[in-house]
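Residues 1 to 401, numbered by the numbering used here, are exactly what the sequence shown covers, in order.
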Amino acid sequence: MAEKVKTVVLGVTGSIAAFKAAELASRLTRNGFRVETIMTASAQEFISPLTFRNITGRPVVTTMWDPASEFSVEHIALAEAADVVLIAPATANIITKLACGLADDMLSSTVLATRAPIVIAPAMNDNMWANEITQQNVEKLKKRDFTFVGPAEGRLASGKKGLGRLAELDEIFDITLKVLGRKGDLKGRRIVVTAGGTSEPLDPVRCLTNHSSGKMGYAIAEAARNRGAEVTLISASTALSRPAGLEIVSVKTTEEMLNAVQAAVKKADALIMAAAPADFRPVKASSAKIKRQSISNLILELEKTPDILASVKGNFVRVGFAAESDHVVENAVDKIRRKGLDLIVANDITEKGSGFGADTNRVTIIDGEGRADALPMLTKGQVADRLLDRVSALLKKGKSG
Ligand SMILES: Cc1cc2nc3c(=O)[nH]c(=O)nc-3n(C[C@H](O)[C@H](O)[C@H](O)COP(=O)(O)O)c2cc1C
C-alpha cells in the first residue's frame with residue numbers, strides 16, 4: 001500500500017535569511033513531501049511567493065483575507081493538514097507572538113490551531129537573540145514541546161560574527177524528519193549502528209583500511225532516527241556529512257570501534273553492524289614515518305583485530321553485514337551461525353551498483369533459521385527501511401534488552 005504523502009507547513013518570516021527557505025522547500029518537495037508555504041507580510045519583502053509556488057507546485061498563503069485562497073475560508077485548514085509545521089527562518093517577532101498565543105496572521109493562527117509538532121529555526125541579529133525577552137519566549141516554547149534548531153554562530157547580515165545565523169539547511173532538514181517520525185514504529189527504541197571502514201596505523205602517515213564509504217550505515221542510522229529511534233552512530237572516518245538528530249561517536253581503529261560499541265550497547269535494543277572493520281593490523285606501528293629510501297622491500301607482520309560481533313553479548317537484536325565477493329549467501333549463512341546473529345545482510349560487492357561507495361545496493365537478508373529474502377536493487381535508504389522493518393518485527397516479538 002502506498003504511504004500517505006506527509007504535509008510540511010513551511011512558515012517563512014521576515015528575515016534576511018528568507019531566501020534560504022526556498023532551498024528547504026525544494027529539498028522537502030524533492031523528497032516527496034507536500035509543502036504548503038505560509039509567508040508573513042514581512043517575508044514577502046524579502047522573497048516572492050512566486051518562488052515557493054513554483055518550487056512546491058502549491059499555492060502560497062500570503063494573507064488570511066484572500067477570497068481566492070483554498071485555505072482562507074477556514075483558517076485552520078492548514079493547521080489540520082500539517083504533519084509538521086516548520087518555521088524557517090523564524091524572526092524574533094514570530095517567536096514572541098507564538099509565545100504569547102497571538103493569532104493575528106495566517107502563520108500565527110495556524111500554529112495556535114495545530115496539533116502537529118512544530119520546528120523553529122530562528123535567524124536574527126545576535127543581540128536580538130541574546131535579549132532576555134527573546135530567551136524567555138524561547139524557553140516558554142521549548143516547555144511546550146516546540147523543537148528549536150539553531151541558531152548557529154557565524155557571520156551575520158550586519159557583517160559581524162555572532163550567534164543568530166540560520167542553522168545549516170542539512171540540520172534543519174534532518175531535525176524536521178526526526179520530529180516527523182517521532183511516533184514511528186521504533187519510538188523509544190535505542191539503536192546502535194556502526195558505519196565506515198576502520199583504519200589501522202602503519203606509521204604516523206599511513207594506514208591499512210578498506211573501501212567502505214559508510215553510506216549504508218549512515219542510511220540505516222538516519223532511517224532509524226526518522227522512525228522514532230534514539231540512534232547512536234559509531235562511525236569510522238568517512239567523507240559523509242554528519243547527520244543531525246542522532247549521537248555520533250567517531251572512531252578510527254577496530255579496537256576503538258569495539259570499545260565504543262561495548263559502551264553503547266549497554267542500553268541498546270538493537271545493534272546493526274554495517275561498518276567494515278579492518279580485520280588485520282600491523283603487529284607494531286612505527287612511531288616515526290617509515291622512510292622509502294631506507295627500505296627496499298617492506299614486509300609487514302599483521303595480527304587479527306578484535307572480532308566486534310563476537311565480543312559484544314547481551315539481549316538485544318544483533319544484525320551483521322557480510323560483504324562478499326563469492327559464495328555470498330553460503331558465506332553469510334555460515335557467518336550468522338558462527339556469530340549467533342538474528343539477521344545478516346549479505347551483498348555481492350563485485351556486482352555493479354552494489355556495495356562499497358554506491359548509492360544503491362542489492363542485498364539478501366537472512367534470518368537465524370537461514371531463510372533468505374533476496375531484495376531487488378534498491379537505494380541504500382530503501383534497503384535501510386526494509387532492514388528496519390525486520391528489526392522492528394523482532395523487537396515487537398520481544399527480542400530486546
Ligand atoms: C533588512 C532587514 C532584515 C531583517 N532581518 C531580520 C532577521 O534576520 N531576524 C529578525 O528577527 N528580524 C529581522 N528583521 C525585522 C523583521 O523583518 C521585523 O521584525 C518584522 O516585523 C518581522 O515580521 P514577521 O515576524 O511577521 O515576519 C529584518 C528587517 C529588515 C528591514
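All C-beta atoms in this analysis are idealised placements derived from N, C-alpha and C, irrespective of residue type, glycine included.
Asked: Cross-strand partners of Met216 (DSSP beta bridge); Found: For Met216, which the question treats as bridged, DSSP gives no partner whatsoever.
Asked: Nearest-angstrom Cα separation, counted from Ala393 out to Leu309; Found: 21 Å
Asked: Ligand 1 site residues, beta-carbon cut 5 Å against heavy atoms; Found: Thr13, Gly14, Ser15, Ile16, Thr40, Ser42, Thr91, Ala92, Asn93, Ile94, Ala123, Met124
Asked: Rounded straight-line distance, which links the Cα of Asp185 to that of Lys4; Found: 16 Å
Asked: Endpoints, beta strand (DSSP E) assigned at Lys304; Found: 302-304
Asked: Strand pairing of Cys207, partner residues [DSSP]; Found: Pro201
Asked: Three CB pairs or more closer than 8 Å across the stretch 257-271 and the stretch 187-198; Found: yes
Asked: C-beta contact flag for Leu141 and Thr40 at 7 Å; Found: no
Asked: Selected residue, minimal CA-CA separation from Thr198, among Leu378, Ile172, Ala276; Found: Ala276
Asked: Lys304 versus Arg281 - alpha carbon distance; Found: 6 Å
Asked: Supposed contact pair Pro306 and Leu258 - C-beta distance, whole angstroms, cut 8 Å; Found: 5 Å
Asked: Complete runs of the alpha helix (DSSP H) confined to the stretch 49-73 [at least 4 residues]; Found: 49-56
Asked: For Leu302 and Val283, the rounded distance between their alpha carbons; Found: 5 Å
Asked: Sub-7 Å separation of Val111 and Leu102 beta-carbons; Found: no
Asked: Selection from Gly314, Ile366, Met64, Lys161 that minimises the alpha carbon distance to Phe321; Found: Ile366
Asked: Same chain, Cβ closer than 7 Å to Val84, neighbours up to 5 away in sequence not counted; Found: Val8, Ala116, Pro117, Val119, Thr176, Val179, Leu180
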